[in-house]
Structure formats: structure tokens, C-alpha cells
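Student:
2 protein chains.
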Amino acid sequence: MQIAVLLYDRFTTLDAVGPYELLARLPGAETVFVAKETGPVRNDQGSLALVADRTLAEVPHPDIVLVPGGPDARVAMDDPEILDWLRTADATSTWTTSVCTGSLILASAGLLKDRRATTHWLAFDELRALGVEPTGERVVFDGKYVTAAGVSSGIDMALHLLGRIAGDETAQTIQLLTEYDPQPPYDAGSPEKAPAEIVAYWRGGDKGRADARG
Amino acid sequence: MQIAVLLYDRFTTLDAVGPYELLARLPGAETVFVAKETGPVRNDQGSLALVADRTLAEVPHPDIVLVPGGPDARVAMDDPEILDWLRTADATSTWTTSVCTGSLILASAGLLKDRRATTHWLAFDELRALGVEPTGERVVFDGKYVTAAGVSSGIDMALHLLGRIAGDETAQTIQLLTEYDPQPPYDAGSPEKAPAEIVAYWRGGDKGRADARG
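If you read the sequences in order, they're chains A and B.
Numbers 1 to 214, taken from the numbering used here, label the letters of the first sequence in order.
Numbers 215 to 428, taken from the numbering used here, label the letters of the second sequence in order.
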């Protein structure tokens, strides 16, 4: 079982690392971070780089493809080399997955046609513009295509996937070992739950949206 | 406001990246990943390296110190250079924080003496051996010292910190933008909630513990 996590300039770190931390604990899994070139890939905040250990060409047939989002997902959406790799990998993958605006990249590669999918709540219109109607769910399964909502939702996606791949006991074990027993001090994690004025502010401005929807 | 995230060989990635993703969004914050030497630092799973952009010596006085854990936290607990840096940074920090077995490192530096603190549930005995009684809470504040339980708990810690530093509205905004609205498909994230046989298995073996308590 090979898991490939795609990196590209200005990706959102937790989109990649949240599900990675859980999926990589799958017994027998080999996880590899891939990018157009090996070496450091800088994130959206600019303050952290993750190292891609393999080029896209070196990992043509992963079992699981994981595509993180980023406020500049267009970096990947407009890159023929990345889109070609996604189509090639998807042709033989068991699961093709994304977090946040990563689904915009999958859609740009033509992989979400006529599928149910989701993305960051601030990117719903962009997903629609690519011909995919976003659902309001946090994690969406449609066949082998799994898309998660914004940033932290990839952790929930990983638990769902672990259950499907290895069964409830393995998924629960990994939840226990990563102590994923969320106790946020606020209940503001979705536009339905957050204070209305905060939601309205971020829905309002193009600048805010572009900065925010990693 | 400068936030320093400590890296050392075999750290647990989500311990560092979970709180980083939220804290780095604090308006006006500068976040920097530090290690004994600049360059890639490989994680506990071996499949990912994060880049330290600054040496410890270059960042002597961060406002927030964040120490991730790892199954080999002893790498840092036995390193005089890291412990010296922690004591120096702590002397002027506003907040000194840890996730998972990171608190064992803070305790080794002598920073948790007579304080309330926590760690990964599989490391309670080790924290006790360092003279600190672990509480059963997910996030523990004692003055400027903030310690979180295993791996994913650093995300909750970051939300608490954001609220204290910048107020509820900023914390809620960052929760909304990272869409932290947890919906795990299982309720097995703590030893009190997970199936008893899974907990017993991991409590049982030294090998399991050493592998697991990142």
C-alpha cells in the first residue's frame, strides 16, 4: 500500500499533514511526499517547507493519492505536469482523495465529473464553476473519490478511510494513539455554527477569500 | 509576536503542525521553525522532513515556544543544547507550550517543577518520573505553561491560546477558516472512550508503547 501526498507551492500544511499523520500509521503503508522536483516545497504561510522525497515521475501508481488545498490552488490547477500526473495516478489508484481546495485540482484534472464532492466553504463557487456541485458534508465518498471540506477536515477523512481500508479496530487504534478526542473551546468551525458577522465578513471580500480558503 | 516551533530528530509531525496551522494565522505573528542546525529534520515515521529555517541560537527570545513530542522524545531530553535553549527562551517567553511527549522535554529542562501539566496518555509514568503529576485534561494551563495531551490535542491547545492572546472573535475566525468542526466517525480518542481491549493492548507492551506515544 503506497500513499502519495502531493506538494506544490503554497499548499496548506495541515491539509497534507492531518490525514498523513493518521494514514501513515496504517500497518504496511509506505507514504511518500511527491512534487514536480524533489526538495523543499514552501507552504502558503511562507514560514514552513516540507520536503518532497520523490518526483511525480518516480511515483506513477500510488494506491492512495492525497491532494492538499491551498489559497493558491491555481498553482496546481493550471499546471499540466501536475494534472497529467493526477490522471495517471488516478487510473490505477484505489483511492483518490483531496482536502480543502484540493478538490478544485482534482476537478481541473477532470476526475470529479458527475461526482459528489466538497471543498472549503469559501470555495464552493469555484468548485461549481468547474462543473461539480459541492455538498455540505465534511467528508464525501463517491466511489473511490473522497473529498474533505476545509483544512482540518482531512483528519476526519483519514479516519473514515482507515475504517474502510483496515476495519474499525485499526481506525479506532489510530484515533486512540493520536488522541483524537476533539474538545475545541469554541463551536465556530463551520459557517452554520460560527457567529454570523464573522461568516459575513469572510464571505464579503475577494481579498479575504483569497487569503483564507487554504 | 514571534512563535518558535522546535524540531528535533523523530519529532511527531502533527504535534508541531496542528497548533502551527492555527497559531501562525494570528495577525502580526511571525512563526519560525528552529533546530540545532538549519535544514531538513526527519520525523518519527521517517517519511517526511520539515525544514528548520533558523538555528536555536538565532531565535533566543521567542514570545511563544512550542515543543512537539515524539516516540523518541529522549533525543531532545538528553540534549544539553536543546535544554539550554529552552531555558533561555523560557526566561523571556510569554507562553511556553508543548504537545504530547513534548512536556517530557520541558520537564527535563526543569520548567515544569511544581506545575500542573499533561502528556500523551501512554507517557504518564514518564512524566511522573520527572516529578510532574499528569492531569487527565486535554489542555492544561498553569500560568504561562501550556501542555496538551497526545498528538492531535495541540489543535485544541492552539484555539485556547488564540482566545487568551487575541480574544474570542479572532479564535473563532481561525476555527472557521480552518473549518475545525470535528466529526470523527469513531469515539475512541481517549483511553476512557476507546474499546478496552485496544487500550489494554497498548498499555501492555513496552515495544508498543515506544512506537506509539508520539
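For every residue, glycine included, the Cβ atom is placed at its ideal position computed from N, Cα and C.
All values reported here derive from a predicted model rather than from experimental measurement.
Inspect the CB distances between the segment 308-320 of chain B and the segment 270-288 of chain B and report whether three or more fall short of 8 Å.
Tutor: Touching, yes.
Student: Locate the alpha helix (DSSP H) running through VAL199/A, then write down its first and last residues.
Tutor: That run of the alpha helix (DSSP H) goes 196-204.
Student: With DSSP collapsed to three states, give me the class of GLN2/A.
Tutor: DSSP places GLN2/A in strand when its eight states are reduced to three.
Student: Whole angstroms are fine: how far does the CA of ILE369/B sit from the CA of ILE217/B?
Tutor: If you take the alpha carbons of ILE217/B and ILE369/B, they lie about 15 Å apart.
Student: With distances taken from CA atoms, which of ARG10/A, TRP202/A, LEU14/A and LEU176/A is nearest SER153/A?
Tutor: Among ARG10/A, TRP202/A, LEU14/A and LEU176/A, the Cα nearest to that of SER153/A belongs to LEU14/A.
Student: Does the distance from the CB of MET157/A to the CB of PRO19/A come in under 8 Å?
Tutor: Yes.
Student: For the structure I just gave you, are there three or more beta carbon pairs, one from the segment 329-349 of chain B and one from the segment 300-310 of chain B, closer than 8 Å?
Tutor: In short, these stretches do not touch, since the Cβ pair count stays below three.
Student: For the segment 27-51 of chain A, which residues have a beta carbon sitting closer than 8 Å to at least one beta carbon of chain B?
Tutor: So the list reads GLU30, THR31, VAL32, PHE33, PRO40, GLN45, SER47, LEU48, ALA49, LEU50 and VAL51, given in the order they occur along the chain.
Student: How would you list, in chain order, the residues of chain A whose beta-carbon sits under 8 Å from the beta-carbon of ASP370/B?
Tutor: Near ASP370/B (Cβ distances below 8 Å), the residues of chain A are PRO182, GLN183, PRO184 and PRO185.
Student: State the Cα-Cα distance for the pair GLU30/A and ALA410/B, rounded to the nearest angstrom.
Tutor: Rounded to whole angstroms, GLU30/A to ALA410/B spans 29 Å at the Cα level.
Student: Would you say GLY167/A reaches chain B, if we count a Cβ-Cβ gap shorter than 8 Å as a contact?
Tutor: No - not a single Cβ of chain B is within 8 Å of the one on GLY167/A.
Student: By the 10 Å Cβ neighbour count, where 16 or more other Cβ atoms means buried, how is ARG87/A classified, buried or exposed?
Tutor: That one is exposed.
Student: Can you have a look at ASP44/A and say buried or exposed, based on whether 16 or more other CB atoms are within 10 angstroms of its CB?
Tutor: Answer is buried; the Cβ neighbour count reaches 16.
Student: By how many angstroms is the C-alpha of PRO80/A removed from the C-alpha of ILE105/A?
Tutor: Each residue's Cα considered, the two are about 11 Å apart.
Student: Chain B partners of SER153/A, CB-CB under 7 Å?
Tutor: In chain order: GLU393.
Student: Return the bridge partner residues of LEU66/A from the DSSP annotation.
Tutor: According to DSSP, which records beta bridges pairwise, LEU66/A is partnered with VAL5/A and THR97/A.
Student: What do you get for ARG54/A, buried or exposed, if any count of 16 or more other CB atoms within 10 angstroms of its CB means buried?
Tutor: Exposed is the call here.
Student: Mind listing which residues of the segment 92-122 of chain A have their C-beta closer than 9 Å to chain B's C-betas, in chain order?
Tutor: Going along the segment 92-122 of chain A in chain order, one finds CYS100, HIS120, TRP121 and LEU122 with a Cβ nearer than 9 Å to chain B.
Student: Got a sec, what are the start and stop residues for the alpha helix (DSSP H) PRO185/B sits in?
Tutor: As shown, chain B starts at 215 and ends at 428. That puts residue 185/B outside it, with no answer to give.
Student: Residues of chain A with a CB under 7 Å from the CB of ARG268/B: which are they?
Tutor: The contacting residues do not exist; ARG268/B stays about 10 Å from chain A at best.
Student: Which residues bound the alpha helix (DSSP H) around PRO19/A?
Tutor: Segment 13-23, the alpha helix (DSSP H) holding PRO19/A.
Student: Just verifying my parser: in three-state terms, what is the DSSP assignment at GLY39/A?
Tutor: Strand at GLY39/A.
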